[in-house]
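**Q** Right, I'll just put the structure down here and ask away after.
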Amino acid sequence: MIERTLVMIKPDGVERNLIGKVISIFEEKGLKVIALKKVRLSKDQAKAFYIVHKERPFYEDLTNYMSSGPIVALVLEGENAIKRVREIMGATDPKEAAEGTIRKLFAIDKEKNTVHGSDSPESAAKEIPFFFSEYELIALS
Ligand code: UDP
1 MIERTLVMIK PDGVERNLIG KVISIFEEKG LKVIALKKVR LSKDQAKAFY
51 IVHKERPFYE DLTNYMSSGP IVALVLEGEN AIKRVREIMG ATDPKEAAEG
101 TIRKLFAIDK EKNTVHGSDS PESAAKEIPF FFSEYELIAL S
């Protein structure tokens, strides 16, 4: 099934000039970039994006971090894109991430873990419109 998923390159990835490297890894695995933008989230926007985590102990730190510098948001499209992207990213904590995954390669720690990817079709359906309007999604076919 062809799916779309929302990816963010987080502030630690942008800060360390990893935008190109991260996108290359996804492209090499066959995913297509169908939308792309660099933005800086306000604290309120970061809180809204991560609202599902509002009761978690890391919510305050996470939303401070995600609004601390620019990020790159992308929509990737491909066969089983949601699950594929999660596999390519690796586990949340880089100490637990598999060899060759983006987080194993680049993440600093469990919070500053370089990339985000939607965790389900329901999340993708909410997260893509958070950043992109319909006319910004440039499908290939
Ligand atoms: N996070 C954190 N501490 C934790 C768990 C998560 O700072 O103990 C941050 C981390 O940046 C993670 C994000 O919160 O990517 C969202 O957490 P989630 O459990 O959804 O992980 P993900 O789906 O990003 O792997």
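For the record, in the sequence shown the residue sitting at position 15 is 15 according to full-length UniProt numbering, with numbers rising by one throughout.
A virtual CB, placed ideally from N, CA and C, is assigned to each residue, including glycine.
1) Whose CA, out of G117, L137, I71 and E134, lies closest to the CA of D12?
2) Tell me which residues share the same chain as A91 and place their Cβ nearer than 8 Å to its Cβ, disregarding the 5 neighbours each side in the sequence.
3) Within 7 Å: the Cβ of N113 and any heavy atom of the ligand UDP?
4) My understanding is that M8 touches A107, with C-beta atoms under 8 Å, so please give their C-beta distance in whole angstroms.
5) Compute the minimum distance between the beta carbon of D119 and the heavy atoms of the ligand UDP, and state whether it is under 7 Å.
6) Is L36 near S67, with beta carbons less than 8 Å apart?
7) Please go through the UniProt domain "Nucleoside diphosphate kinase-like" (2 to 139) and give each complete beta strand (DSSP E) segment of 3 or more residues, from N-terminal end onward.
8) Where G117 and A124 are concerned, what is the direct C-alpha to C-alpha distance, given to the nearest angstrom?
9) Write down the C-beta distance between I34 and V85 rounded to the nearest angstrom, noting that I regard them as a contact closer than 8 Å.
10) Kindly list the residues whose CB is nearer than 8 Å to the CB of R4, restricted to its own chain and excluding five residues on each side of it in sequence; keep chain order.
**A** Taking the coordinates as given:
1) Of the candidates G117, L137, I71 and E134, the one whose C-alpha sits nearest the C-alpha of D12 is I71.
2) Cβ within range, chain order: A97, A98, T101 and R103.
3) N113 Cβ: within cutoff of the ligand UDP.
4) Rounded, the Cβ-Cβ distance is 13 Å, inconsistent with contact.
5) Yes, since a heavy atom of the ligand UDP falls inside the 7 Å radius drawn around the Cβ of D119.
6) It is not a contact, given that the beta carbons lie outside the stated cut-off.
7) Counting only runs of at least 3 residues, the UniProt domain "Nucleoside diphosphate kinase-like" (2 to 139) fully encloses the following beta strand (DSSP E) elements, listed from N- to C-terminal order: 2 to 9, 32 to 39, 71 to 79 and 115 to 117.
8) Put simply, the backbone Cα of G117 is about 8 Å away from that of A124.
9) The Cβ separation is near 13 Å, so there is no contact.
10) Counting only Cβ-Cβ distances below 8 Å, and skipping sequence neighbours, we find I34, V75, L76, E77, A81, A124, I128 and L137.
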